[in-house]
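**Q** My questions all concern the structure below.
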Amino acid sequence: MTEPVVLFNEIPTANGRRFGVATLNAPASLNALSVDMVRLLTPQLRAWAADSGIVGVLMDAAGEKAFCAGGDLRQLYQTLLDCGAERNTYAEDFFREEYELDHLIHTFPKPFLCWGHGIVMGGGVGLLAGCSHRVVTEGSRVAMPEVNIGLYPDVGGSWFLRRAPGRTGLFLAFTAAQINASDAIFAGLADVQVPHAAKATVVEAIGTASWKGQADADRALLSKLLAHAAEGAVKPASKLREHFDLINDLLAGDDLLDIAQRLRALQSEDPWLQTAVKTFAKGAPSSVALSWALWQRVPRMSLAEVFRLEYWASLGFCAHKDFAEGIRAVLVDKDRNPKWLPATLEEITPEFVEDHLRARGEMPGELASLV
Numbered sequence: 001m002t003e004p005v006v007l008f009n010e011i012p013t014a015n016g017r018r019f020g021v022a023t024l025n026a027p028a029s030l031n032a033l034s035v036d037m038v039r040l041l042t043p044q045l046r047a048w049a050a051d052s053g054i055v056g057v058l059m060d061a062a063g064e065k066a067f068c069a070g071g072d073l074r075q076l077y078q079t080l081l082d083c084g085a086e087r088n089t090y091a092e093d094f095f096r097e098e099y100e101l102d103h104l105i106h107t108f109p110k111p112f113l114c115w116g117h118g119i120v121m122g123g124g125v126g127l128l129a130g131c132s133h134r135v136v137t138e139g140s141r142v143a144m145p146e147v148n149i150g151l152y153p154d155v156g157g158s159w160f161l162r163r164a165p166g167r168t169g170l171f172l173a174f175t176a177a178q179i180n181a182s183d184a185i186f187a188g189l190a191d192v193q194v195p196h197a198a199k200a201t202v203v204e205a206i207g208t209a210s211w212k213g214q215a216d217a218d219r220a221l222l223s224k225l226l227a228h229a230a231e232g233a234v235k236p237a238s239k240l241r242e243h244f245d246l247i248n249d250l251l252a253g254d255d256l257l258d259i260a261q262r263l264r265a266l267q268s269e270d271p272w273l274q275t276a277v278k279t280f281a282k283g284a285p286s287s288v289a290l291s292w293a294l295w296q297r298v299p300r301m302s303l304a305e306v307f308r309l310e311y312w313a314s315l316g317f318c319a320h321k322d323f324a325e326g327i328r329a330v331l332v333d334k335d336r337n338p339k340w341l342p343a344t345l346e347e348i349t350p351e352f353v354e355d356h357l358r359a360r361g362e363m364p365g366e367l368a369s370l371v
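Counting in our numbering, the sequence shown tops out at residue 371, every number present.
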């Protein structure tokens with residue numbers, strides 16, 4: 001019998017209360033977030049939120065390579081080919097349920113610890129970013145790589161990248177740059193770096209702690225436990241911090257074509273920056289244009305409003321060609337040679353952008369009711 005794709009457990013604590021544990025359990029696919037995972041996580045998290053005996057949640061993953069390498073797009077890919085510009089009910093369910101879960105994590109009423117070790121990308125960042133206590137380790141590799149597959153940083157990325165310092169969030173969206181633990185903390189995507197070897201000690205400390213069942217007091221206690229576990233961690237240098245002024249200069253202003261020109265023209269000795277610029281040049285122009293459009297729209301939106309906007313944007317990408325082409329080039333044929341349409345940023349029209357963001361039918365009740 002195959003094991004479930006999410007394992008649930010509980011840690012008994014010193015005073016009889018319990019800590020819920022949700023473990024993503026698909027290490028062969030780098031714990032890519034599937035519909036099946038979401039359908040297990042959402043009801044269990046709701047049950048834990050309502051259970052007065054549960055004082056907090058730990059979310060982690062099986063295997064040493066990845067917390068979660070993104071959304072599981074293989075099944076979605078076939079529906080993109082089958083449906084084209086027509087209504088895609090699988091995609092509607094896929095994005096609605098994923099965003100509902102992400103919003104639940106952002107608004108969870110109890111301490112919520114995510115152990116973001118190894119690869120944390122795309123949908124994995126969506127899970128990590130919403131938690132109250134976000135741990136990264138010396139092995140964390142974080143990115144929003146959607147520009148490579150003809151999508152945009154969804155899962156709330158329009159919201160949390162907009163809140164990164166300066167224009168670093170926009171840089172991450174445009175370049176899919178991989179960042180380390182120090183970068184993730186600098187960008188506001190994580191809170192603390194803890195050595196991965198200290199994980200067992202953290203779990204033990206959760207078990208021996210006296211939790212009060214009061215969210216604020218328990219959050220403060222969890223922060224103290226993690227701060228203690230983080231002592232002595234060797235922190236890598238942050239490229240985002242090192243190049244902060246340069247990134248702000250490159251992505252300054254309100255003209256996307258000017259920004260693109262500066263990025264393409266950048267000469268640097270730094271391999272990290274070189275890779276970022278190359279990725280931008282190869283990425284989907286539609287992804288860049290929509291990331292930019294969302295960046296401009298979301299500053300005064302609530303998180304719930306952003307998820308509703310992203311729902312339409314994601315269905316818009318499903319109805320256009322680049323998303324399927326990007327999945328083909330990166331995950332299916334793996335030739336890494338996508339043919340984007342339009343082929344350049346200069347060819348993208350305001351009408352093309354608006355067609356990605358327009359409502360396609362009724363907003364599902366589950367997302368309409370988010371606050």
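Where a beta carbon is used, it is the ideal one built from N, C-alpha and C, also for glycine.
(1) Valine 147 and valine 288 look like a contact to me (Cβ under 8 Å); what is the Cβ gap, rounded to whole Å?
(2) Give the C-beta separation of histidine 133 and aspartate 93 to the nearest angstrom, bearing in mind that I take them to be a contact with Cβ-Cβ under 8 Å.
(3) Mind checking glutamate 98: buried by the 16 CB within 10 Å criterion, or exposed?
(4) Run through DSSP, which three-state label would tryptophan 48 get?
(5) Let me make sure I understand the geometry here. Which of Pro145, Thr208, Gly157 has the alpha-carbon closest to that of isoleucine 179?
(6) Considering only the alpha carbon of each residue, which of Arg87, Asp333, Asp36 lies closest to glutamate 362?
(7) Runs of 4 residues minimum, wholly inside the segment 301–342: which ones carry the alpha helix (DSSP H) assignment?
(8) If you drop the 5 nearest sequence neighbours on each side, which residues of the same chain put their C-beta closer than 7 Å to that of glycine 123?
(9) Please name the residue in Ala187, Ile11, Leu315, Gly283 whose C-alpha comes closest to that of isoleucine 247.
(10) At which residues does the alpha helix (DSSP H) containing valine 202 begin and terminate?
(11) Rounded to the nearest angstrom, what separates glycine 213 and leucine 225 at their Cα positions?
(12) Just to confirm the assignment, what range does the beta strand (DSSP E) spanning proline 389 have?
(13) Out of Gln78, Arg46, Gly126, which one is the CA nearest neighbour of phenylalanine 307?
(14) Under 7 Å Cβ to Cβ from glycine 53, same chain only, skipping five residues before and after it: list those, please.
(15) Using only the alpha-carbon positions, how far apart do proline 43 and leucine 101 sit?
(16) Does the pairing of the segment 293–300 with the segment 107–116 give three or more beta-carbon distances under 8 Å?
(17) Taking 8 Å as the cut-off, is the beta-carbon of alanine 293 closer than that to any non-hydrogen atom of the ligand SAM?
(18) By the three-class DSSP mapping on this structure, what secondary structure does leucine 221 have?
(19) Are there 16 or more other CB atoms within 10 angstroms of the CB of glutamine 261, so buried, or fewer, so exposed?
(20) Since methionine 37 and valine 57 should fall inside the 8 Å C-beta cutoff, what is the C-beta to C-beta distance between them, to a whole number of angstroms?
(21) Please list the terminal residues of the continuous beta strand (DSSP E) segment that includes leucine 24.
(22) Below 8 Å, can you find three or more Cβ-Cβ pairs linking the segment 73–92 to the segment 223–239?
(23) For my contact list, glycine 230 and glutamine 274 are in at a C-beta cut-off of 8 Å; report their separation, rounded to the angstrom.
(24) Please say whether alanine 14 and serine 223 have beta carbons closer to each other than 9 Å?
(25) Once the 5 residues before and after valine 353 are set aside, which same chain residues still bring their CB inside 8 Å of it?
(26) Could you give the residue range of the alpha helix (DSSP H) that holds cysteine 83?
(27) Can you look up leucine 370 in the DSSP assignment and give me helix, strand or coil?
(28) For the beta strand (DSSP E) containing isoleucine 54, name the first residue and the last one.
(29) Pop quiz: serine 286 and aspartate 322 are said to be a contact at Cβ under 8 Å. What is the actual Cβ separation, rounded to whole angstroms?
(30) Is it true that the CB of glycine 139 sits closer than 9 Å to the CB of glycine 375?
(31) For a quick check, are the C-beta atoms of leucine 24 and asparagine 31 less than 9 Å apart?
(32) Excluding sequence positions up to five away, which residues of its chain have a Cβ less than 6 Å from the Cβ of valine 202?
(33) Would you mind sorting serine 158 into buried or exposed? The rule is 16 or more other CB atoms within 10 Å of its CB.
(34) Does leucine 240 pass the burial test, meaning 16 or more other C-beta atoms within 10 Å, or should it be called exposed?
(35) Look at the Cβ atom of phenylalanine 160, then the Cβ atom of glycine 166, and state whether they are nearer than 9 Å.
**A** Inspection of the coordinates gives the following:
(1) 6 Å
(2) About 30 Å; that fails the 8 Å criterion.
(3) buried
(4) helix
(5) If we check each option's Cα against that of isoleucine 179, Pro145 comes out closest.
(6) Considering only alpha carbons, the answer is Arg87.
(7) 303–319, 322–327
(8) Leu33, Cys68, Gly70, Gly71, Glu98, Val155
(9) Ala187
(10) 199–208
(11) Rounded to the nearest angstrom, the two C-alpha atoms are 16 Å apart.
(12) The chain is shown only over 1 to 371; residue 389 falls outside these bounds and no answer can be derived.
(13) Among Gln78, Arg46, Gly126, the Cα nearest to that of phenylalanine 307 is on Gly126.
(14) Arg17, Arg18
(15) 9 Å
(16) In short, these stretches do not touch, since the Cβ pair count stays below three.
(17) Ligands are entirely absent from the displayed structure, and the ligand SAM is therefore not among its contents.
(18) In the structure shown, the three-state DSSP call for leucine 221 is helix.
(19) exposed
(20) Methionine 37 to valine 57, Cβ: 15 Å. No contact.
(21) 18–24
(22) no
(23) Residue identity differs from the one stated: residue 230 is alanine in this sequence, not glycine. That pair is no contact at about 32 Å.
(24) no
(25) Ala289, Leu290, Ala293
(26) 74–83
(27) coil
(28) 54–61
(29) 5 Å
(30) The shown model of the chain, from 1 to 371, leaves out residue 375, and the question about it has no answer.
(31) yes
(32) Ala229
(33) buried
(34) buried
(35) no
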